[in-house]
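Written out below as structure tokens is the structure these notes cover.
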Amino acid sequence: MGLLTTIILIPLLAVFVIVLLPDRQKQAIKWVALAATGIDLGLSIYLLVDYLHLISGLPGSGTSTALSLQYVERHVWLGRLGIEYFLGVDGISVLMIFLTAVVIFCGVCASWKHEYRTKEFFAFLLLLVTGVFGVFAAHDLFLFFLFYEVAVLPMYVLIGLWGTGPKEYSAMKLTLMLMGGSALIVVGILVLYFQAGVGSFSMSAIAQAKIPASTQAWLFPIMFFGFGTLGGLWPFHTWSPDGHASAPTAVSMLHAGVLMKLGGYGCLKTIYLMPEGALMWGTFFMVLTTVNIFYGALVAIQKTDLKYITAYSSVSHCGLVLFGLGTLNATAMQGAVVQMFAHGLMTALFFALIGMIYGRTHTRYITEMGGLFKVMPFLGVAYMVGGFAGLGLPGLAGFIAEVQVFIGAFALNSIGHRLLTILVAASVVTTAVYILRFLTRMFYGPLQNPEHAKLTDATFVERVPLTILVFLLAFAGMFPGWMIRLIEYSLAPVMANLEQARRAMLP
Amino acid sequence: MNGPTLEHYLVFSALLFCIGLYGMLTRRNLIAMLMSVELVLNAAALNFVAFHHFLFPGDSGGAVFPIFIIAVAAAEAAVALAIFIALFRHQQHLDVQQSDSLKG
Amino acid sequence: MTGHWFIDHLWLVPLFPFLGFLLVGLVIRPLGDRPSSTVAILAMVASAVVGWGAAFQYFTHHAGETLVPWQYEWLRFSPTLVGNMGVLVDDISMLLVLVVTTISLLIHVYSQGYMRGDPGYPRFFSFLNLFTFSMLGLVLACSVLQMFIFWELVGVSSFLLIGFYWAKPSAVSACKKAFIVTRFADLGFLLGLLMLSYYAKGLDFTFLTSPETVAKLARTTLPFLGVSALPLSAILIFCGAAGKSAMFPLHIWLPDAMEGPTPVSALIHAATMVVAGVYLVARMFPMFAASEPAILTVMSIGAFTALFAAVIAVTQFDIKRVLAYSTLSQLGYMMLALGVATLDKPLGFTASMFHLTTHACFKALLFLGAGSVIHAVHTNDMREMGGLRRKLPITHATFLIACLAIAGVPPFSGFFSKDEILAAAVENGHYFVFALALGVAGLTAFYMFRLYFMTFWSEPQDHEKYHHAHESPWSMTSVLIVLAVPTALLGLVPFGHYVHRGELEHHGINWLIAGPAILVGLAGIAVAFMLYFRPNGLPDRIAFAFSGIYRVIRDKFYIDELYLFVTHHVIFRYVSAPFNWFDRHCVDGLMDLTAQSALLSGRSLRRTVTGHLQTYLLWAWLGSAVLALVVWQMQAALGWALTFVGLGIIAGIFAWQWVLQLLNRSEPLKRIEKD
Amino acid sequence: MLEQLATISNELLLTLLAFTVFSISLVSLKKTDGKAEVLVTAGGLLALLVLSFAGTMPHRAAFGDAYVTGPVAAIFKRLFLAAGILMALLSWPGKRKTDVAPFHHLGEYLGLLLLSIIGMCFLVSAMELALLYVGLELVTIPLILLVAINRHELRSAEAGMKYVLFSAMSSGLLLYGLSLVYGMAGTLSLAGIAAKLTWTPLTVMALALVMGGVGFKISAVPFHLWTPDTYEGAPVPVTAFLSVASKAAGFALFYKVVAGLFAVLGPSVVVMVSILATLTMTFGNLVALQQTNLKRFLAFSSIAQAGFLMIGLVHGGPLGLTSVVFYLAVYLFSNLAAFGVVTVVSAATGKEDMRDYLGLSESNPKLALVMMLAMFSLAGIPPLAGFLGKFYLFAAAAEKGMYWLVFVGAVNATISLYYYLIVIKWMYLLKAAEGRQRIEPIEVSWASWVVLGVSTVAMIVIGILPQFIHWAEVAASSGF
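Protein chains in written order, with my numbering: chain E, 14 to 520; chain R, 1237 to 1340; chain H, 955 to 1629; chain W, 648 to 1127.
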């Protein structure tokens, strides 16, 4: 059994173990979940380091067009259509798997106090994460889509059962919109399969078989919208604010932190599979995502509910991911992937913190908070770091992503693209406005509510995830080289495809 | 010979068929509706026989099939009448328009 | 590698404060105040030692060269575009290293006394270390990307330090304002960076400022606006510089930034961070100098700010605000000096750097002196001070030296640097700028001595406070004394010998220029003396006589209000709020509408299941008929028209059914029904 | 002759079993509790299922080529047998509050079930119109009786009435259409007819009439309207059987008479089927959104599922057949799991409204879990079998180039998820505070557990293990 299968199977095994444990053994259930995610975290770190080691001897970007798949596990699986159990990772997947492992580990830590129907909660949570790992590891489109749906659906119960506020409504909306997106994806996958005519769902095989440009012209937006829905693409982002606002802590962390990345990841694969379509539609999606970025930030300024603020900031930040991808420029796409990683960490951090603060103050409205630094300095500092990462402060991961996307997008040689880039870059100001607004509102100033004076700072179990996330944000922000190497190497095939398509489209 | 031709039979069966359909649609009494159904079935049976007789006298299928139709129609009628009786016990009438407790 | 240990290990200079920050912030903080400040100061000492050593080695062995002793590839954007991190050594970076390490060290020491007993004492020192790290990183930046990175970091440390008293609402809004305004300006910097990354295809300063690159940029015509890339990118970068150096109209954050503790004001908002803008322009000087519009922009903005701030400073009563406006004015001076410099006559460059250095000393001294005063009387309002010279002798003496320096009285340092700026203006024929600068010099002397007299002379206004006032502890006063030395003497250093672009013709003091400057300065002092030496009603009467203008000036020309209106009312209420509404009601509404329409159509379709068998049969037959039509169409190639007719029939029946439903009469073919 | 009888040994054994079951209830003097009948039925069917692998369904023509059991037909028959076993077990007479099945006449009830299965088996093997028709009626007439078997209940009788008249009507249409076909071809053999038919207006008319008859069986819109009423009125296990086995027989009928006979109209049939599929899916889904009675809800859901299945019908080749057969298997187990839960709950509490399932996940977590899996499988959520099934259906349409139909199907899958999630919402999400009586923990009989367990395992395993789809593919590649 390969490493990837192990990573995917461990949470699934944990699900079975948890299902078999009696309801009352809450502590045991949590330990099983923690152990499973801990092992996965370890394995993913090993994977990361090993992959870095693997590619360290290989030539850098621009020179390599070979697919950088590693850890391949390939078995014939279902039927005569050529569905395979085909796992394999490139650098981007490795990074995403690592992110997933980190976030779920932190999520389990952040849910340590979970008491209501613990067993089902952790079972669904781990089921979900199985799907996420699977998506990032899969190289067969069918398998990819299968895991994709596995990752999306448990969310319904997780939000609907353990959420707050109008949770049934939010859960339904989220699920339906995302499944609506996946309806587009399944069309896309089938069309790709039959147009490629290679009798295999393997992404690289399909990418090599040229899909007719006329097909790509209509199929590309369909698939991009499909994945974009999960990636928070405007105007299909509205599941995100309601969904995230209603979801319990760990679920928000995982959903905003990792699941929205599935959207970006899928969009990247779409570009890989349909380069000509991407060239035709790139600008269109850049416009949409500009709306995303700018508009998400502006709306976030208005909100007073912390989760809504964070959700809209996710819309804005994930817009940057899709924007970077839409540019079809190597630098910007690198930035987009870094943004996936950075945003995953920072949103997970945000939602973890919101959960902890809500657990203490019992309010999520920033208008009802103030001066919390006095009572919870640790949480405050962590929140600040997260906020600074959000507004793209250098030294934290968000900056790397932003500057790469901007530089890459600016290199597109037309006024329209430049203007879009300038607009997007201008969002750093609006972002700063809302982030500072809520940071100062919550933590600065005199203690708003005398009741809050009795509150306590983070406990040890809470500090663990926060510390991990903060550390990673800072580490990735200060030493981006390894990420760039991973991404650059794995983007090479995509860029090669695009280059080929560009040449093919020249008269 | 100036006897009836295939067309006569076909037109007659088509008429039967249409009368059956019309009856199904307009009769409110369930038993009348059942009778209309029988008309439809008989129209089909008549067709088979007519075709057999005029066009394919060598193929026995056309002759056999109506017998099956008649047999099955009898079974169906038996079942239907049994159900009508059960229904009548509940609602004391056989008006199809008022048998609408299941809907929506 | 230069073979000189200090230069080769210059990266230690920012590293020490960074380690100090981490150590103090994460490890030492719980141990208490004393260890925290000790570690922080030790970090600064180490940093200063390396900095001074490197500067010494540089000016003795490599003067005039530009070295990059250490750099590494930090972020690779593409195989050709690389963002390097490293250390750039040339005259101005060494100069700034000297200034920053020294002043920062002194202020660390000073803060030991000033911050004693504050609950956030360790936090303060860790932030100070963080700031110093960022500032040194900025100063030593070898690429414009690195500059931008540390640029933002100093911004954030400034934010943290302004908001040090986070429980105080005014401090909170001040730090927010500082951050957002500079962030807004940084957008310009960022865009400039983007332009450079694209048009110049490189980010290293050595590459960017090389004549070839500058020439190439000047040749590149943008596809829009019809200008070349050079002035536009230079002006965009200047936007960032203007934000950080609080040039008009981005100056509004600096006076409010005085909400921070006084050492912070001295270090960040007087001596070091605010000059980063000037430093940036100086760093990119070849680019600016090669582009007429850019350099003129720098000059005019600088000149206007110098005047504008000086005028406002005259009317302020908060001791730190006066100093803040004075800082603004002096920063305008420096910008102005850079603006009048050209590649041929680069005296302004030297003058600007010179003034930067002297200003760092005397303004730090002024702020620290003010801090000492505030420490003594616990108020910022000059109207509640007076007569403090007897209570605070050391503070008074050093403060006077600093005032004389800033007023441009020889032989104090300010005189020389200011004189050089005036000379530079004249040299390049900017007589109007010269006149304006001269006027500002007079105003400067006036408001500084207004401050001085109101604080130290005059009469004690608030006896309670006066009574409790006492000289500050040794750790503070010693720093004042130490700073007074360069304040007085720095002017005597042959500055142009060390820091210059191009060749400077060595000249002494041109008394034709210096003479009027001195006179104007003295005149300013004299007026201040008359109005404020003794308490009298004259200033109030003057203020009353010009009450309209006075009020406008006192309220800073209502620029804050303008900003507030734009941000709060226009953007928040008329941009952001409608977006919010649009998102919730239109975009989200559309999504809900989809679900609703599914539900609604389900509800109406449900009506077809009437429970009447005959309805069902009718549907089935019509269905068969329509199917026959459809299939017929496929083969007869009569087009889809009939199909649509068929579908139309279905729709019609549908509608009919629906109407019947509405009328509660759902029997089909009711009119035929007679039995 | 013996060889011919051996060819239909499966049907013969079934008949034997049916009469055994009938006679058990007749012979036993005192009133039986019905357990013996259930055991005999289920055991017999199981034995037949096992025997089917040992040669009771030989691939051999008999009776002058009127009867052939092809590989696909064999799969169909096994599905019918499996459905029969599960339905019989569902009718296990435990302690029950309401009579989901009339366990006073369980013998008749199960006998009728077996007769219906016999009809189905003949139907899928029939290669000739008369046998086909008789098989079809043999399927339908016992089912009509089963629907109306709770004759002391008004709704059961009314459901029976609607079913009998509608089915008679549909047979009338079918027969009339077939008579026209006979008139054109002059033979009753399916292969013979297909070879002789040409395109004439009469053929088109015949096709429309035949489609009316077939549409009734598979409850395609607009021939579907009897479905909800009949499903609601019938005893729950009968509904379950109707929704799976009878529908599967309908699809077999489609292949036999529509696709088989009217091959000459191929492209038109494709268009017709795709239009019907679209209408059926959309209608079923949209109306299902409005339902609260679970039986009615599942009726509309099964209409929608028929629509999905019809997507697979547009592909005439092996892929289409594979997808339909495979999905039928998947659908059978998923739907039986759902109906199993409904049966259990309804038997114990008499509640059939989904709003009564409030908090079921707390009081009866296992039942709720099975129900949830069934809903997910029906909605096509991986890793449950419904996912692979839908994927194959879509693939079939896509290979035919009908991407728009794939899209329509995918969108409809999303809509269907909407109402399946509503059931889950009542079971899992809503807390008991809404003022409704919670269902107490239910004691579930072993027979029901077997049904639920087998269905659940099947739902999971069929979608993951490669053997099942492989069987379907191998069978489909060699034809019906």
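Think of the CB as a built atom: it goes at the ideal place given N, C-alpha and C, for glycine as much as any other residue.
Item                                                                                                                                                                                         : Value
Using a Cβ-Cβ cut-off of 6 angstroms (strictly less than) and excluding sequence neighbours within five positions of residue 1052 of chain H, which residues of its own chain qualify?       : 1009
Cα-Cα, which of W/862, W/869 and W/684 is closest to residue 1569 of chain H?                                                                                                                : W/869
Can you list the residues of chain R that residue 834 of chain W reaches, using a CB-CB cut of under 7 angstroms?                                                                            : 1295 and 1297
Would you kindly report the start and end of the unbroken beta strand (DSSP E) that includes residue 972 of chain H?                                                                         : First-last for residue 972 of chain H: 966-976, but that is the alpha helix (DSSP H), not the beta strand (DSSP E).
How long is the line joining the alpha carbons of residue 754 of chain W and residue 731 of chain W, rounded to whole angstroms?                                                             : 14 angstroms
Using DSSP's beta-bridge definition, name the partner residues of residue 1024 of chain H.                                                                                                   : H/1041
Using the C-alpha atoms, what's the distance from residue 1478 of chain H back to residue 1504 of chain H?                                                                                   : 19 angstroms
Under a three-way DSSP split, which group does residue 342 of chain E fall into?                                                                                                             : coil
Between which two residues does the alpha helix (DSSP H) containing residue 959 of chain H stretch?                                                                                          : 959-962
Let's test the definition: count the other Cβ atoms within 10 Å of the Cβ of residue 472 of chain E and tell me whether it reaches 16, buried, or not, exposed.                              : exposed
Along the beta strand (DSSP E) that carries residue 1337 of chain H, what are the first and last residues, could you check?                                                                  : Where residue 1337 of chain H is concerned, there is no enclosing beta strand (DSSP E), given that its DSSP letter is neither H nor E.
Spatial neighbours of residue 310 of chain E within its chain, please: C-beta separation below 6 angstroms, excluding the five flanking residues on both sides.                              : 329, 440, 443 and 444
Taking 8 angstroms as the cut-off, does the stretch 967-980 of chain H touch the stretch 1022-1033 of chain H (at least 3 CB pairs, one atom from each stretch)?                             : no
Assuming residue 150 of chain E and residue 21 of chain E form a contact by the criterion Cβ under 8 angstroms, report the distance between their Cβ atoms to the nearest whole angstrom.    : 6 angstroms
Are three or more beta carbon pairs between the stretch 294-314 of chain E and the stretch 381-401 of chain E nearer than 8 angstroms?                                                       : no
With a threshold of 7 angstroms on Cβ separation, who are the neighbours of residue 17 of chain E within its own chain once the five nearest residues in sequence on each side are excluded? : 84, 86, 100, 102 and 150
Hey, would you say residue 860 of chain W sits closer than 8 angstroms to residue 821 of chain W, going by beta carbons?                                                                     : yes
Classify residue 1284 of chain H as helix, strand or coil using the three-state DSSP reduction.                                                                                              : helix
Could you tell me which residues DSSP puts in a beta bridge with residue 836 of chain W?                                                                                                     : W/775
For my contact list, residue 245 of chain E and residue 348 of chain E are in at a C-beta cut-off of 8 angstroms; report their separation, rounded to the angstrom.                          : Residue 245 of chain E to residue 348 of chain E, Cβ: 17 angstroms. No contact.
Does residue 478 of chain E come within less than 8 angstroms of chain H when only Cβ atoms are used?                                                                                        : no
Along chain H, in chain order, which residues have C-beta atoms closer than 7 angstroms to that of residue 1338 of chain R?                                                                  : 1565
Once you ignore the five residues that flank residue 703 of chain W on each side, which residues in its own chain have a CB closer than 6 angstroms to its CB?                               : 656 and 657
For residue 413 of chain E, return the contacting residues in chain H, with the cut-off set at a CB-CB distance below 9 angstroms.                                                           : 1029
Report buried or exposed for residue 1593 of chain H, applying the criterion of at least 16 other Cβ atoms within 10 angstroms of its Cβ.                                                    : Note that residue 1593 of chain H has pLDDT 48, beneath the 50 cutoff, so the model's placement of it is unreliable and the number below is only indicative. Exposed: under 16 other Cβ atoms inside 10 Å.
Beta-carbon within less than 8 angstroms of residue 1393 of chain H's beta-carbon, same chain only, minus the 5 sequence neighbours each way: which residues are those?                      : 1261 and 1474
Quick one: which unbroken alpha helix (DSSP H) runs of 4-plus residues sit fully inside the stretch 425-491 of chain E? Chain order, please.                                                 : 428-456 and 473-491
Terminal residues of the continuous beta strand (DSSP E) containing residue 101 of chain E?                                                                                                  : 96-102
If you scan the stretch 779-823 of chain W from start to end, which runs of the alpha helix (DSSP H) of 4 or more residues do you find wholly inside it?                                     : none
From residue 986 of chain W to residue 1071 of chain W, what distance separates their C-alpha atoms?                                                                                         : 15 angstroms
Measure from the alpha carbon of residue 500 of chain E to the alpha carbon of each residue in H/962, H/1031 and H/1013, then state which is nearest.                                        : H/1031
Does the structure place the stretch 951-968 of chain W close enough to the stretch 1117-1127 of chain W that three or more beta carbon pairs sit under 8 angstroms?                         : yes
Can you find a CB in chain H that lies within less than 8 angstroms of the CB of residue 74 of chain E?                                                                                      : Note that residue 74 of chain E scores a pLDDT of 46, beneath 50, so its modelled location is shaky; the value from the coordinates is reported in the next line. Yes, residue 74 of chain E lies at the interface with chain H (some Cβ there is under 8 angstroms from its Cβ).
Give me the Cβ distance between residue 207 of chain E and residue 1045 of chain W, rounded to the nearest whole Å; I'm assuming they're in contact under 8 angstroms.                       : 5 angstroms
Based on Cα-Cα distance, which residue from E/262, E/506, E/182 and E/273 lies nearest to residue 371 of chain E?                                                                            : E/262
What number of angstroms, rounded off, separates the C-alpha of residue 78 of chain E from the C-alpha of residue 65 of chain E?                                                             : Unreliable positioning characterises residue 78 of chain E in this predicted model, as indicated by a pLDDT of 45, which lies under 50. A coordinate reading is not provided.
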